[in-house]
Amino acid sequence: MELTPAEKLLKEVNLSLTRQRLAVLELFLKEEHPMTPHEVRETLDDQERFDQVTIYRVLEALVKTRILTQVPSTDRNSYYCLAERLHAFHAHLYCSLCRRMLCVESPVSVGPERGKELHIVLSGTCTQCDQEVPDATI
3 MELTPAEKLL KEVNLSLTRQ RLAVLELFLK EEHPMTPHEV RETLDDQERF DQVTIYRVLE
63 ALVKTRILTQ VPSTDRNSYY CLAERLHAFH AHLYCSLCRR MLCVESPVSV GPERGKELHI
123 VLSGTCTQCD QEVPDATI
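The structure is reproduced here in structure tokens:
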């Protein structure tokens, strides 16, 4: 039986294949955008109930093994997304209107001298909100 991408990643970093870890990792592989622990739980609650503590423990284990990375934020939420090794180098945009964190192309290029982790977080509005809010005329 062939392993799923989530199972392969967990085995690669020597984490046991628990249903909670698989569910969280499969969600991130499918969604490919940063999520808070609360968003993870809400999304997974449609399929199966996981308590919030379990979600935090799974996220912590996936960050420690560099499958996920924690994205800094100014809105007092913790956001998580696929680590750079799984999702090419990119920046994040925090939309001040809809309060979502999105993956965007990085506005800067980085050289080989950077460390293992580099976060670029932009603040502004996403294209969806730009289309919904008309420009004010003076």
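To convert a position in the sequence shown, counted from 1, into this note's numbering, add 2. The beta carbon of each residue, even a glycine, is placed where N, CA and C say it ideally should be.
{"query": "Leaving out five residues on either side along the sequence, give the residues of the same chain with a beta carbon under 7 Å from the beta carbon of Met37.", "result": "Tyr81, Tyr82"}
{"query": "For Val123, tell me which candidate among Ser75, Arg43, Glu9, Ile57 has the shortest Cα-Cα distance.", "result": "Ser75"}
{"query": "DSSP state of Cys131, grouped into three classes?", "result": "helix"}
{"query": "For Cys97 and Thr71, what's the separation of their Cα atoms in angstroms?", "result": "19 Å"}
{"query": "Using 8 Å as the threshold, is the segment 54 to 70 in touch with the segment 22 to 33, meaning 3 or more CB pairs across them?", "result": "yes"}
{"query": "Are the beta-carbon atoms of Thr127 and Leu99 separated by less than 7 Å?", "result": "yes"}
{"query": "Excluding the 5 residues preceding and the 5 following Thr67 in the sequence, name in chain order all residues of the same chain whose CB lies nearer than 7 Å to its CB.", "result": "Val15, Leu17"}
{"query": "Less than 8 Å between C-beta atoms, sequence neighbours within five positions excluded: which residues of the same chain meet that for Gln49?", "result": "Ala25"}
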